[in-house]
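Heads up: the structure comes next, in structure tokens.
In our numbering, the protein residues as written are 35 to 477.
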């Protein structure tokens with residue numbers, strides 16, 4: 035009995051002693067956190083700071099030391115949160131200004147860093163090369179696309195499958211296209227930038243007409259797209275980005291008719307078209323997560339629709355070296371209310387000097403809008419799957435080369451007309467392959 039009492043008393047004293055040790059005070063936290071900082075024991079400093087905050091102890095230097103510890107471990111996104119808290123309390127220290135600036139830059143958030151830098155000291159502004167307005171980037175990209183199933187499609191007897199008989203059957207088989215795009219981005223004032231882009235695209239089709247006999251023609255589409263995209267940083271880390279894409283061009287093809295003797299004749303027709311997409315995106319940053327949402331108002335092929343999307347980007351290492359972005363799209367038109375239509379997931383990784391990025395989309399992508407209206411699927415048909423892979427390699431001074439590959443399935447229609455009115459159609463599928471290359475410069 036005595037032995038059991040002694041053991042119980044010993045355990046009680048041990049628990050009370052441990053509890054007493056865990057009760058921290060301001061002086062102890064300041065002293066211990068500074069010692070861990072001097073010894074560069076970064077993870078221990080982070081853990082100790084977290085324990086101090088659980089007990090209600092926090093102050094400027096503890097916030098700054100936590101940020102520096104995270105910065106030295108490469109966790110720039112989380113580090114920036116602590117630097118922002120410390121900077122809110124005291125903005126006079128140049129060392130804090132520098133840590134804050136580069137934690138945001140290394141997180142891929144240079145627009146936020148530049149906006150904050152306008153309140154930095156003159157010495158720090160000079161050190162980081164701060165300018166109120168400047169060119170940001172210029173980029174040139176060219177691409178070529180081809181239909182890998184073109185030869186197979188042109189051998190199919192779709193007229194028999196669609197029971198054309200004496201009616202008018204027609205298909206436009208996509209053959210290839212090329213495009214050239216030039217982008218320019220410049221900072222108007224810190225926290226407000228503007229991006230412009232002009233793109234020329236020319237598509238070639240084989241028009242196949244079954245009207246008594248099978249006749250083929252060459253059809254072309256020439257298209258221009260102008261894209262303008264303001265980017266505004268609201269407060270410290272909220273981003274607002276409206277955008278407008280205006281698309282116009284003409285399509286040339288052959289149209290069948292009857293001459294005075296009721297024999298079929300064909301004449302070339304040129305139709306002009308114009309589409310537009312207006313978008314507004316908003317997103318923010320919370321440690322290792324960046325949620326966002328976008329709304330698109332568009333008119334494509336004379337059909338007006340609205341598209342909503344929402345996403346969240348996750349940075350598992352709290353930096354820009356690896357990230358994942360799932361994204362869901364919803365669409366509404368005059369015929370139906372909002373409903374889910376597409377899901378996408380993208381990911382990126384930094385491997386040494388090379389950056390890799392990939393995206394996969396699955397769903398009903400008809401008149402589909404991506405990237406604030408910069409990428410618009412105004413193809414005649416629709417797509418259910420799309421994969422994009424990109425590799426970025428630094429070249430020259432402040433230069434970067436990009437190579438992309440895009441694989442996309444497309445579903446289009448062979449249409450049958452009676453007296454100029456569509457009476458029947460059948461679907462056919464093919465795969466498009468796109469290769470692009472480009473160079474960008476940062477200023």
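By construction, the Cβ of each residue, glycine as well, lies at the ideal position given by its N, Cα and C atoms.
Just so we're clear, the structure is a prediction, and the values are computed from it rather than from any experiment.
query                                                                                                                                                                                 : result
Report yes if the CB atom of residue 354 is closer than 9 Å to the CB atom of residue 110, and no otherwise.                                                                          : yes
Cβ of residue 143 within 9 Å of Cβ of residue 114?                                                                                                                                    : yes
In whole angstroms, what is the alpha-carbon distance linking residue 494 and residue 91?                                                                                             : This structure cannot speak to residue 494, because the chain is shown only from 35 to 477.
Would you grab the beta carbon distance between residue 281 and residue 412 for me? Rounded to a whole angstrom, and I think it's under 8 Å.                                          : 7 Å
Start and end of the alpha helix (DSSP H) containing residue 117?                                                                                                                     : 110 to 123
Out of 271, 70, 197, 74, state which residue places its alpha-carbon closest to the alpha-carbon of residue 26.                                                                       : Residue 26 lies beyond the stretch modelled for the chain, which goes from 35 to 477, so this question has no answer here.
Residues in the same chain with beta-carbon distance under 6 Å from residue 315, minus the five sequence neighbours each way, listed in chain order, please.                          : 275, 328, 406
Cα separation between residue 387 and residue 357?                                                                                                                                    : 16 Å
Give a yes or no on contact between the region 82 to 102 and the region 299 to 307, applying the rule of three or more CB pairs nearer than 8 Å.                                      : no
Between the alpha carbons of residue 470 and residue 285, how many angstroms are there, rounded?                                                                                      : 24 Å
Taking the beta carbon of residue 402 as the centre, do at least 16 other beta carbons fall within 10 Å, making it buried, or is it exposed?                                          : buried
Say whether the region 223 to 234 touches the region 146 to 159, bearing in mind that this needs 3 or more beta-carbon pairs closer than 8 Å, one atom from each stretch.             : yes
Would you list the one or two residues that DSSP bridges to residue 320?                                                                                                              : 323
With a floor of 3 residues, list each beta strand (DSSP E) that falls wholly inside the region 410 to 457, ordered by position along the chain.                                       : 417 to 429, 433 to 452
Can you tell me where the beta strand (DSSP E) holding residue 341 begins and where it ends?                                                                                          : 337 to 348
To the nearest angstrom, report how far apart residue 51 and residue 320 are at their CA atoms.                                                                                       : Bear in mind that a pLDDT of 43 at residue 51, under 50, signals an unreliable position, so the number given afterwards is only what the model happens to contain. Whole-angstrom Cα-Cα distance: 38 Å.
Taking 8 Å as the limit between beta carbons, can you name the residues of its chain near residue 346, skipping five residues before and five after?                                  : 323, 324, 325, 326, 359, 360
Which residue's Cα is closest to the Cα of residue 336: 414, 465, 442?                                                                                                                : 414
Label residue 296 either buried or exposed according to how many other C-beta atoms from any shown protein chain fall within 10 Å of its C-beta, with 16 as the threshold for buried. : exposed
Taking its Cβ as the centre, do 16 or more other Cβ atoms sit within 10 Å of residue 252, making it buried, or is it exposed?                                                         : exposed
With DSSP as the reference, identify every bridge partner of residue 64, one or two as the case may be.                                                                               : DSSP output for residue 64 lists no bridge partner at all.
Thinking just about the alpha-carbon of each residue, which of 389, 417, 87, 293 is nearest to the one in residue 428?                                                                : 389
Please report the straight-line C-alpha distance between residue 134 and residue 117, rounded to a whole angstrom.                                                                    : 5 Å
Tell me which same chain residues have a C-beta within less than 6 Å of the C-beta of residue 476, skipping the five on either side of it?                                            : 171, 432
Over the uninterrupted beta strand (DSSP E) stretch that includes residue 80, give me the two end residues.                                                                           : Premise fails: residue 80 lies in the alpha helix (DSSP H), 76 to 88, not in any beta strand (DSSP E).
So if DSSP puts residue 213 in a beta bridge, which residue, or which two residues, is it bridged to?                                                                                 : 177, 235
Measure the CB-CB distance between residue 468 and residue 291 and report whether it falls below 9 Å.                                                                                 : no
With a threshold of 16 other CB atoms inside 10 Å of the CB of residue 455, please say whether the residue is buried or exposed.                                                      : exposed
Note the first and the last residue of the continuous beta strand (DSSP E) segment covering residue 290.                                                                              : 272 to 292
Could you check the C-alpha separation between residue 93 and residue 382 for me, to the nearest Å?                                                                                   : 36 Å
Considering only the alpha carbon of each residue, which of 279, 159, 80 lies closest to residue 308?                                                                                 : 279
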